Amino acid sequence: MQQGTKPEPPPENPVPEPFSLSACALESAEATNPFTNARRQLDDAAAVIALDPAVLELLRWPMRELHVTIPVRMDDGSTRTFHGFRVQYNDARGANKGGIRFHPEETIDTVRALAAWMTWKTAVLDIPLGGAKGGVICDTKTMSKGELERLSRGYIRQVGRVLGLEKDVPAPDVYTTPQIMAWMADEYSFMQGYNDFGVTTGKPLAIGGSLGRGDATARGGVICIREAASELGIKLEGSTMAINGYGNAGSLAHKLSAELLGINVVAVSDSKGGIFNPHGLDYVAVVEHKRRTGSVRGFPGAEPLANGDLLELDVTTLVPAALEGEITCRNAQRIKARIVAELANGPTTPDADQLLREQGVYVIPDLLCNAGGVTVSYFEMVQNTSGWYWEEEAVHRQLEKKMTAAFRAVHDTALRHDVGNRMGAMIVAIRRIEEAMRLRGWV
Ligand code: GLU
1 MQQGTKPEPP
11 PENPVPEPFS
21 LSACALESAE
31 ATNPFTNARR
41 QLDDAAAVIA
51 LDPAVLELLR
61 WPMRELHVTI
71 PVRMDDGSTR
81 TFHGFRVQYN
91 DARGANKGGI
101 RFHPEETIDT
111 VRALAAWMTW
121 KTAVLDIPLG
131 GAKGGVICDT
141 KTMSKGELER
151 LSRGYIRQVG
161 RVLGLEKDVP
171 APDVYTTPQI
181 MAWMADEYSF
191 MQGYNDFGVT
201 TGKPLAIGGS
211 LGRGDATARG
221 GVICIREAAS
231 ELGIKLEGST
241 MAINGYGNAG
251 SLAHKLSAEL
261 LGINVVAVSD
271 SKGGIFNPHG
281 LDYVAVVEHK
291 RRTGSVRGFP
301 GAEPLANGDL
311 LELDVTTLVP
321 AALEGEITCR
331 NAQRIKARIV
341 AELANGPTTP
351 DADQLLREQG
361 VYVIPDLLCN
371 AGGVTVSYFE
381 MVQNTSGWYW
391 EEEAVHRQLE
401 KKMTAAFRAV
411 HDTALRHDVG
421 NRMGAMIVAI
431 RRIEEAMRLR
441 GWV
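Here this note's numbering is used: the sequence shown runs in plain steps of one and ends on residue 443.
Written as structure tokens, this is what we have:
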């Protein structure tokens, strides 16, 4: 495998100084680099449990990276060169696992951070997988379906050699879909010479997808919100929610929060802007509006609302469901929600996380809150391996079990160490990965 650009060497003393507001006020561009943040979260948790420095050093680095160049024939007959990555962060507990993002601002450091978070996430959920992430720098909004298909196949032709059910299994993420997973599984099957659909998850049902995968991320998040509210003694029926980001996870969180918990979703937004109605937004009507116009913006019967203002609304539950780095030092102190349920990956910077904790906000960290997706991906892998396909009810039942057990582990660990839930989740994950690495003789 081609060796990627090396991340910068670790600082001499990787354990950061204790948090201070002045450091927060100085939050720099570097602090919004997701991989810097991911490492800081790791270092902070390692300091709390006095982690063996050898284990920490290993966990601070991706184990493998592949950087690829993908030529794609565009509709006008020209050839365009795209760049992509696959980062296999750590597979001590099982095959590498994690989505592929198509995004114009994708960077190797973002993919590294997301791959690290996948590693912690699969460990928090106690599923026998490691962590990986892929990314391609592209703007899907300006590409035709044909161009997208050729890019997806081109990516697999380059990356396929390091993928496979036993090695590394991609899934959908930001701007990638079940259709894209289908093209990728098809291309990989031709590379193998037989149908090997288990190489991706989040596939359509007709080619080995799992029932219940489509709304799994949102469903897992809703289970966590329910558990958190019960811990905090909050009645969710009729309570309010704001959702920033209206892709798969955000929009289905709207649907399921209303359907399963009786929550009144009063504000939602996407990359073009937000909408607010204190009496609640009807899921079916908003989704239909977005389907017709391409955005939730301009939805009749709601006021327009800037994304930044949505985050600061006085609601019971705030759901960041867009990209990383949405909640920073600049807005954390103005957040009024009792519960922040992170459906996005990495939406809160470490300093902002500390501020939220000081304000008494109950944060359900991404490593737990959005793990429903990869959990049902794991069920999909089990089904692909055994050839026996589960009923939707069985998927829901197993997801419920996994999510509630992980919630308990995180909540109890955080209480025991008197730390926030993100640190609690990190501690649960690190301990499990450490055990696997020790048993395998890596440390
Ligand atoms: N992209 C999702 C995540 O960040 C799902 C990953 C997967 O199913 O492998 O968790």
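C-beta atoms are modelled at their ideal positions from N, C-alpha and C, and glycine is treated no differently. A quick note: this is a predicted structure, and the numbers were derived from the prediction, not measured.
Continuous beta strand (DSSP E) stretch holding residue i: start and end
| i | result |
| --- | --- |
| LYS133 | 131-137 |
| PRO269 | In the sequence under discussion, the amino acid at residue 269 is Ser, which differs from the Pro named in the question. Looking at the DSSP string, the run of the beta strand (DSSP E) that includes SER269 is 264-270. |
| TYR89 | 79-90 |
| HIS103 | 100-103 |
| TYR362 | 362-364 |
| PRO304 | 303-305 |
| PHE276 | 273-276 |
| VAL340 | 339-341 |
| THR36 | It is not in any beta strand (DSSP E) - THR36 instead sits in the alpha helix (DSSP H) that spans 34-48. |
| THR317 | 317-320 |
Cβ-heavy atom distance, residue i to ligand 1, below 7 Å
| i | result |
| --- | --- |
| MET118 | yes |
| ALA218 | no |
| VAL124 | no |
| VAL374 | yes |
| ASP215 | no |
| PRO172 | yes |
| SER377 | yes |
| THR201 | yes |
| ASN244 | no |
| LYS121 | yes |
| ASN345 | yes |
| LYS97 | yes |
| ASN370 | yes |
Range covered by the alpha helix (DSSP H) that runs through residue i
| i | result |
| --- | --- |
| PHE407 | 392-417 |
| ALA216 | 216-232 |
| TYR246 | Looking at the DSSP string, TYR246 is not in any alpha helix (DSSP H), and its letter there is neither H nor E. |
| PRO62 | Unbroken run through PRO62: none, as it is neither H nor E. |
| VAL111 | 108-124 |
| ALA332 | Here ALA332 belongs to no alpha helix (DSSP H), and DSSP marks it neither H nor E. |
| ALA151 | In the sequence on display, residue 151 carries Leu and not Ala. Here the alpha helix (DSSP H) through LEU151 covers 145-159. |
| ARG422 | 421-439 |
Beta-carbon proximity of residue i to residue j, cut-off 8 Å
| i | j | result |
| --- | --- | --- |
| LEU311 | ILE327 | yes |
| ASP76 | ALA132 | no |
| ALA116 | TYR89 | yes |
| VAL448 | GLY94 | Residue 448 lies beyond the range of the chain shown here (1 to 443); nothing can be said about it. |
| ALA429 | VAL124 | yes |
| PHE82 | ILE137 | yes |
| ALA332 | LEU355 | yes |
| ALA113 | PRO34 | yes |
| ALA177 | ASN370 | Residue identity differs from the one stated: residue 177 is Thr in this sequence, not Ala. Not a contact, by the Cβ cut-off of 8 Å. |
| VAL361 | PHE379 | no |
| GLY221 | GLY99 | no |
| LEU323 | ALA267 | no |
| GLU149 | TRP120 | no |
| VAL72 | LEU151 | yes |
| THR317 | ILE225 | yes |
| LEU232 | ARG80 | no |
| VAL315 | ALA242 | yes |
| ILE335 | ASN421 | no |
| ASN248 | SER269 | no |
Contact with chain B by residue i, beta-carbon distance below 8 Å
| i | result |
| --- | --- |
| GLY233 | The question asks about chain B, but that chain is absent: this structure has only one protein chain. |
| Does the pairing of the segment 122-140 with the segment 48-56 give three or more beta-carbon distances under 8 Å? | no
| message | Counting beta carbon pairs with one atom in the segment 235-242 and one in the segment 411-423, are three or more of them shorter than 8 Å? | response | no
| request: May I ask you to verify whether the segment 335-350 touches the segment 182-201, counting CB pairs closer than 8 Å and requiring at least 3? | output: no
| Contact between the segment 184-192 and the segment 324-338: three or more CB pairs below 8 Å? | no
| field | Three CB pairs or more closer than 8 Å across the segment 294-312 and the segment 257-274 | value | As far as the Cβ criterion goes, the segment 294-312 touches the segment 257-274, which means the pair count is three or higher.
| said: Check whether the segment 431-439 and the segment 248-255 are in contact - that is, three or more C-beta pairs closer than 8 Å. | reply: Touching, no, given that fewer than three Cβ pairs across the two stretches are closer than 8 Å.
| query | How about the segment 210-219 and the segment 371-384: do they share at least three Cβ pairs that are nearer than 8 Å? | reply | Segment contact: the segment 210-219 against the segment 371-384, three or more CB-CB distances shorter than 8 Å; contact assigned.
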